[in-house]
Amino acid sequence: MRKYLSAFVCGFGAGVMQVVPLAKSFTCCIIVPLAVFFALLLERKANNVPLYQKTDTKKGVIIGILTGIYAALFGSIFEILITLITKNNDIIVAFPEIQKFLNSLPLTEDIKNQVITLFNTIIDEIKENGFSLLYSFSIIINNFIVNTIFGLIGGLIGVQIINSRISKSEK
């Protein structure tokens with residue numbers, strides 16, 4: 002665990018930022034890759050890596066994936082807890098817009114009605130209990146897929162940035 006503590010710490014930070022209303026929109030593209038970059042920097046500091054030593058791409062990929070997984074885990078937990086406490090979330094707020102969007106799609110009325118019924122079921126469960134199994138499952142799966150992919154990308158880009166800074170300082 003100590004070996005990947007930087008991924009845990011930065012993943013926790015990204016998970017917290019994932020539930021902040023304005024920052025939520027930037028989680029996948031900015032927050033998770035930045036968290037991975039900071040995790041790589043923290044990992045170098047924690048292990049006393051010499052300034053001239055380059056970071057291995059494999060290490061960047063591993064830290065990127067782990068940071069993405071931790072961000073997904075904590076982000077999902079916080080999102081589900083906030084929904085449980087407040088009995089409100091983004092689905093409830095955005096439902097009128099979702100209905101308008103569905104009506105603009107070239108789908109049969111039967112499919113549109115099934116989708117709206119599904120959303121109404123989720124919304125009713127959240128309003129009554131503060132919890133919907135389908136909503137929680139979809140949040141967890143979505144966060145794990147998206148955050149892991151962007152964590153991987155952040156790890157690859159972070160290694161390239163760190164190594165290019167080392168190459169420039171050698172010259």
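Residues 2 to 172 (the numbering used here) are what the sequence shown spells out, left to right.
Yeah, the Cβ is synthetic: ideal placement off N, Cα and C, and Gly gets one too.
Under the three-state DSSP convention, the category residue i falls into
i       : result
Phe-138 : helix
Val-147 : helix
Ala-56  : Checking the displayed sequence, the identity of residue 56 turns out to be Thr instead of Ala. Of the three classes helix, strand and coil, the one that applies to Thr-56 here is coil, per DSSP.
Thr-28  : helix
Asn-48  : coil
Ser-105 : helix
Pro-22  : coil
Gly-131 : coil
Lys-4   : helix
Lys-88  : coil
Beta-carbon separation (whole angstroms), residue i vs residue j, contact threshold 8 angstroms
i       : j       : result
Phe-96  : Phe-120 : 6 angstroms
Ser-133 : Ile-141 : That belief does not hold up - the Cβ atoms of Ser-133 and Ile-141 are roughly 12 angstroms apart, past 8 angstroms.
Thr-56  : Ala-15  : That belief does not hold up - the Cβ atoms of Thr-56 and Ala-15 are roughly 20 angstroms apart, past 8 angstroms.
Val-37  : Gly-155 : 3 angstroms
Ile-70  : Gly-12  : 7 angstroms
Ile-226 : Ile-123 : For residue 226 there is no data in the structure shown, the boundaries of the chain being 2 and 172.
Beta-carbon proximity list for residue i, same chain, < 8 angstroms, skipping 5 on both sides
i       : result
Leu-157 : Thr-58, Gly-61, Val-62, Gly-65
Leu-106 : Lys-113
Chain-order list of residues whose beta-carbon lies under 7 angstroms from that of residue i (same chain, five-residue window excluded)
i      : result
Ala-24 : Met-18, Ile-32
Glu-44 : Ser-7, Ile-64
Buried/exposed call for residue i, threshold 16 Cβ in 10 Å
i       : result
Cys-30  : exposed
Ser-165 : exposed
Pro-34  : buried
Val-20  : buried
Tyr-136 : buried
Phe-104 : Position check: residue 104 holds Asn in this sequence, whereas Phe was assumed. Exposed is the call here.
Asn-48  : exposed
Tyr-53  : exposed
Phe-151 : buried
Asn-148 : buried
Asn-130 : exposed
Other residues of its chain near residue i: CB distance less than 6 angstroms, five sequence neighbours each side excluded
i       : result
Asn-144 : Ala-73, Gly-76, Ser-77
Ile-167 : Lys-55
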